[in-house]
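Structure record follows, encoded as structure tokens.
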Amino acid sequence: MSVRRDHHERTIVAPAIIAGVGVHTGRRVRLAVRPAPSGTGIVFVRTDITDRDNRIPVSGEAVVDARLNTMIENGAGVRLSTIEHLMAAFAALGVSNAVVEVDGPELPILDGSALEFVKLLDRAGFRPQPTPQRYIEILETVHVVEGDKHAALMPCDRYEMRFEIDFPSAVIGNQVIDFVVDEPTFRKEIMACRTFGFAHEVEALRKAGLARGGSLENAVVIDGDEILNPGGLRMEREFVRHKALDAIGDLYVLGAPLLGRYEGYKAGHALNNKLVRALLAAPHAWREVTRVPELARAG
Numbered sequence: 001m002s003v004r005r006d007h008h009e010r011t012i013v014a015p016a017i018i019a020g021v022g023v024h025t026g027r028r029v030r031l032a033v034r035p036a037p038s039g040t041g042i043v044f045v046r047t048d049i050t051d052r053d054n055r056i057p058v059s060g061e062a063v064v065d066a067r068l069n070t071m072i073e074n075g076a077g078v079r080l081s082t083i084e085h086l087m088a089a090f091a092a093l094g095v096s097n098a099v100v101e102v103d104g105p106e107l108p109i110l111d112g113s114a115l116e117f118v119k120l121l122d123r124a125g126f127r128p129q130p131t132p133q134r135y136i137e138i139l140e141t142v143h144v145v146e147g148d149k150h151a152a153l154m155p156c157d158r159y160e161m162r163f164e165i166d167f168p169s170a171v172i173g174n175q176v177i178d179f180v181v182d183e184p185t186f187r188k189e190i191m192a193c194r195t196f197g198f199a200h201e202v203e204a205l206r207k208a209g210l211a212r213g214g215s216l217e218n219a220v221v222i223d224g225d226e227i228l229n230p231g232g233l234r235m236e237r238e239f240v241r242h243k244a245l246d247a248i249g250d251l252y253v254l255g256a257p258l259l260g261r262y263e264g265y266k267a268g269h270a271l272n273n274k275l276v277r278a279l280l281a282a283p284h285a286w287r288e289v290t291r292v293p294e295l296a297r298a299g
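In structure tokens:
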């Protein structure tokens, strides 16, 4: 999200509903996105849970597991998995406030990208709100490392992202993408890029109770040096583009768009959340700004 011309918070006009299968649970779930007042942020509600607090406001601290997806939890122990693709769509389309009702433990994977979520939000429509949009401006570089993986946020006057992956599979290899995170770029180059995995990992994941809903309909599957999906890839460097999509969603748990540059090397959900927590633990490294007066003067 580069700074939008309206520079105000945004919600959707009307509720929008979609259903699908959770990639890990294999359970069919129904999801409804509803408009929300300014200041709400993104809040998920587990409608299948009625015996305790079922609202899970999104925040960096709410993320409790990020091994294979981004999972959030509230104080009552209610959890929800695989929020990252919808969060990426909210981030790129500038949705500041929304309530998302889900009747199961995991969001639907749909086609494995953010494409169907973007279509859902487009159908709902967008409405600016009176509150000025907050931005998180990065003032000093924050860097996290795990083995050979690393990620950083550094000062920049707009939201930029560089992501690099390196896999031994010849199908993937080394891929790099460097781009400005804004709505047109997201729609053209990022949103349709699907999650991916390796055929040899699927059996182990299923034995662990995961990937029960995974299929060629919602993931790019690689077997050795071959892509098993009949249609192949949707675009060049789809693999690294999807990792960037994940990072956009993972960083939006901060609750506001970034004014800064993200750089990730082989980073995943866990490292992205470690970066979020490192930023929150370093108040000198960032500040909240609205930029409204500055934009007004510039205009």
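Numbering (UniProt numbering), first residue to last: 1 to 299.
Glycine included, every Cβ here is placed at the ideal spot set by N, Cα and C.
Exercise. Per the contact definition of three or more C-beta pairs closer than 8 Å, is the segment 147 to 163 in contact with the segment 258 to 271?
Worked result: In short, these stretches touch, since the Cβ pair count reaches three.
For this session: Please report how far the alpha carbon of PRO130 lies from the alpha carbon of GLN175, in whole angstroms.
Result: When the Cα atoms are used, PRO130 and GLN175 turn out to be separated by approximately 41 Å.
For this session: Could you tell me which residues DSSP puts in a beta bridge with LEU153?
Result: BP columns for LEU153 point to VAL142, TYR262.
For this session: Verify the contact flag: PHE44, CB atom, against every heavy atom of the ligand PLP, threshold strictly below 6 Å.
Result: This structure lacks the ligand PLP, and indeed carries no ligand of any kind.
Exercise. Does the segment 94 to 111 touch the segment 6 to 20, meaning 3 or more C-beta pairs lie closer than 8 Å?
Worked result: Under the 8 Å Cβ criterion, the segment 6 to 20 counts as touching the segment 94 to 111, having at least three qualifying pairs.
Problem set entry | Three-pair Cβ contact test at 8 Å for the segment 275 to 291 versus the segment 55 to 63 | With contact defined as three or more Cβ pairs closer than 8 Å, the segment 275 to 291 and the segment 55 to 63 are in contact.
Problem set entry | Whole-number beta carbon distance between ARG194 and ARG234, since they are thought to touch under 8 Å | Yes, they are in contact, since the Cβ atoms of ARG234 and ARG194 sit about 7 Å apart, within 8 Å.
For this session: Could you tell me if ALA19 is buried or exposed, where buried requires 16 or more neighbouring beta carbons within 10 angstroms of its beta carbon?
Result: Answer is exposed; the Cβ neighbour count stays below 16.
Problem set entry | Cβ-based burial, HIS85 [other Cβ within 10 Å; buried from 16] | HIS85 should be labelled buried.
For this session: Taking 7 Å as the cut-off, decide whether the C-beta atoms of VAL23 and ILE109 are in contact.
Result: Contact: yes.
For this session: Name, in chain order, the residues that DSSP records as bridge partners for VAL100.
Result: Partner(s): VAL33, PHE44.
For this session: Would you list the one or two residues that DSSP bridges to PHE163?
Result: Beta-bridge pairing links PHE163 to ILE177, GLY264.
Exercise. For THR25, is the classification buried or exposed, using 16 other Cβ atoms within 10 angstroms of its Cβ as the cut-off for buried?
Worked result: So THR25 ends up on the buried side.
Problem set entry | VAL180 to LEU153 span [Cα, whole Å] | Those two C-alpha atoms are separated by around 14 Å.
For this session: Report buried or exposed for ARG261, applying the criterion of at least 16 other Cβ atoms within 10 angstroms of its Cβ.
Result: Classification of ARG261: buried, given that the 10 Å Cβ count is 16 or more.
Exercise. For ARG194, which of helix, strand or coil comes out of DSSP?
Worked result: Looking at ARG194 - three-state DSSP - the assignment turns out to be coil, as it is neither helix nor strand.
For this session: Could you give the DSSP three-state label for ASP122: helix, strand or coil?
Result: ASP122 falls in the helix class under three-state DSSP.
Problem set entry | Cβ-Cβ distance between PRO88 and ILE248 below 7 Å | The sequence given here has Ala at residue 88, not Pro. Going by C-beta atoms, ALA88 is nearer than 7 Å to ILE248.
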